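Student:
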Amino acid sequence: MEAPAGGRPVAADDSYRCDIDMSKADLVNNLGTIARSGTKEFMEALQAGVDVSMIGQFGVGFYSAYLVAEKVIFTTKHNDDEQYIWESQAGRSFPITRDTEGEQLDRGTKNSNNVV
0 MEAPAGGRPV AADDSYRCDI DMSKADLVNN LGTIARSGTK EFMEALQAGV
50 DVSMIGQFGV GFYSAYLVAE KVIFTTKHND DEQYIWESQA GRSFPITRDT
100 EGEQLDRGTK NSNNVV
């Protein structure tokens, strides 16, 4: 990567796809709740004897995207739902829109971060 002339910010698109699919409700409940701590679920998992070594790792990686990205975008298609786009600039709101024009996914999620 080369820095642009004139002191402009370096911009890159960091995109990846995974087989995890989310419905619109999943987007609202899991990505849209920035302040959700998960304490109750964590305590229930501890009591049930679940291996908790992975708990919280998604959240740490997900929220760290805002350290370098102007905007975080998830496009997702769940087998039982339409394809949706979730966007956030780490503000108080996030639009979720039905995606009828973008690359259509059979199933899964694509994440794009506008890194500046």
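For the sequence shown, numbering that gives the first Met the number 0 begins at 0 and goes up steadily by one.
Backbone N, C-alpha and C fix where the C-beta goes; we use that ideal spot for every residue, glycine too.
Since this is a predicted model, take the numbers as computed values, not measurements.
1) Looking at the unbroken beta strand (DSSP E) that takes in Gln103, where does it start and where does it end?
2) Quick check on the burial criterion: 16 or more other C-beta atoms within 10 angstroms. Buried or exposed for Ala68?
3) Is the separation between the beta-carbon of Arg106 and that of Asn78 shorter than 8 Å?
4) Can you tell which of Asp18, Tyr83 and Lys70 has the C-alpha that lies nearest to the C-alpha of Gly101?
5) Between which two residues does the beta strand (DSSP E) containing Tyr83 stretch?
6) Alpha carbon to alpha carbon, how far is Ser87 from Thr108? Give it in angstroms, no decimals.
Tutor: In this structure, then:
1) Unbroken run through Gln103: none, as it is neither H nor E.
2) Around the CB of Ala68, 16 or more other CB atoms lie within 10 Å, so the residue is classed as buried.
3) yes
4) The shortest Cα separation from Gly101 among Asp18, Tyr83 and Lys70 belongs to Tyr83.
5) Gln82 to Ser87
6) 16 Å
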